[in-house]
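Working notes, beginning with the structure itself.
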Amino acid sequence: MENTPLSNSVSEYTSEPQASSSIFSWLDIFKVAVVGLLIILPIVGVGGYYFGKQNSVNYDYKSIVATPASSQPAEQNRAICTQEAKICPDGSSVGRIGPNCEFTECPIFGSVSAQSDPITENWQVFTKPEWGLSLKYPQEYVLINNDKNKVEIGFDGFTYITIFMQPKDYDESNICSSTTAKYPCINATNFGQSEPITFITVGKMQAKSFYVSEGESDSDFHIVTTNSQDPIQFTAYISGGGLDQRFQQVLSTVELK
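Going left to right, the sequence shown walks through residues 2 to 258 as the working numbering numbers them.
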């Protein structure tokens, strides 16, 4: 029997491992994949950022910031309205606003307009045709006097509202002050008016409104005189709670022809 060298027999039954080449190939693929991801991911991220930015709403914050007053155009065409007020049925007043200087609407009571105010709806009606005057006054008031030149309305024998066909003159320059010694004087701001003398609308007619003190205490009156050829002067004693508001409610019912 022929002897075979040991080295040859071993080489027949054993061979060198072949896996080493495949291991190196998978490692290479993995390295390439990692490097590729490191390159691709930043590109995708940057591209997504710019895509989202271009497709989002672009707010121009400068456009919504209020323009400083100094840079706004001069409002040369704005209407300057007269400083007069319209007396509403609830005793409040409204002024002229807007480009046409129209009076704002009087307050609305529920579903009833101010022109049919439930406060004055059932009041007594007084008319004086020779003056072209009509108005309403509260149920608890009575007509005390009605002669050619004067009408007096009040209750309990006391006159609260007097209407003159021949208005009484007042010194409009005599403004009340702490050192006032001359009465009657015109109150400056004691009754909430913006000026000592204001203009309101009574019976669709412009009228002058001011407050007068006849003495040191409990002698305050509200005077309203129409600016007309034959002026009518409404005078109310208001030294008492709610009397001025009630007077203004009466004024809101006045109709003049």
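Here a beta-carbon is modelled for each residue, glycine too, at the ideal position from N, C-alpha and C.
I'd like to know whether the C-beta atoms of residue i and residue j end up nearer to each other than 7 Å.
i	j	result
tyrosine 171	isoleucine 154	no
threonine 254	leucine 136	yes
proline 1	isoleucine 176	Since the first residue shown for the chain is 2 and the last is 258, residue 1 is missing from the structure and cannot be characterised.
glutamate 215	proline 185	yes
To the nearest angstrom, how far is it from the Cα of residue i to the Cα of residue j?
i	j	result
lysine 183	phenylalanine 222	16 Å
lysine 209	tyrosine 138	21 Å
isoleucine 164	glutamine 207	16 Å
phenylalanine 192	serine 240	11 Å
threonine 199	tyrosine 212	10 Å
alanine 86	cysteine 102	11 Å
valine 152	asparagine 146	5 Å
threonine 226	lysine 205	13 Å
arginine 247	aspartate 118	13 Å
glutamine 230	threonine 236	19 Å
aspartate 157	methionine 166	24 Å
serine 178	arginine 97	30 Å
proline 43	isoleucine 30	21 Å
alanine 189	threonine 128	33 Å
threonine 160	glutamine 125	16 Å
Could you please give the first and the last residue of the uninterrupted alpha helix (DSSP H) stretch that includes residue i?
i	result
isoleucine 120	119-122
glutamine 234	No alpha helix (DSSP H) holds glutamine 234; the beta strand (DSSP E) holding it covers 234-238.
valine 251	244-252
For the beta strand (DSSP E) that contains residue i, what are its first and last residues?
i	result
phenylalanine 156	151-156
glutamine 125	125-129
aspartate 221	221-227
valine 203	198-203
phenylalanine 211	206-214
Rounded C-beta distance between residue i and residue j? I'm assuming under 8 Å.
i	j	result
leucine 257	leucine 134	6 Å
isoleucine 162	glutamine 250	So it is not a contact: roughly 11 Å between Cβ atoms.
proline 168	glutamine 234	4 Å
Going along the chain, which residues of its own chain have a beta-carbon closer than 8 Å to the beta-carbon of residue i, five neighbours each way excluded?
i	result
asparagine 123	Gln140
asparagine 150	Phe165, Met166, Gln167
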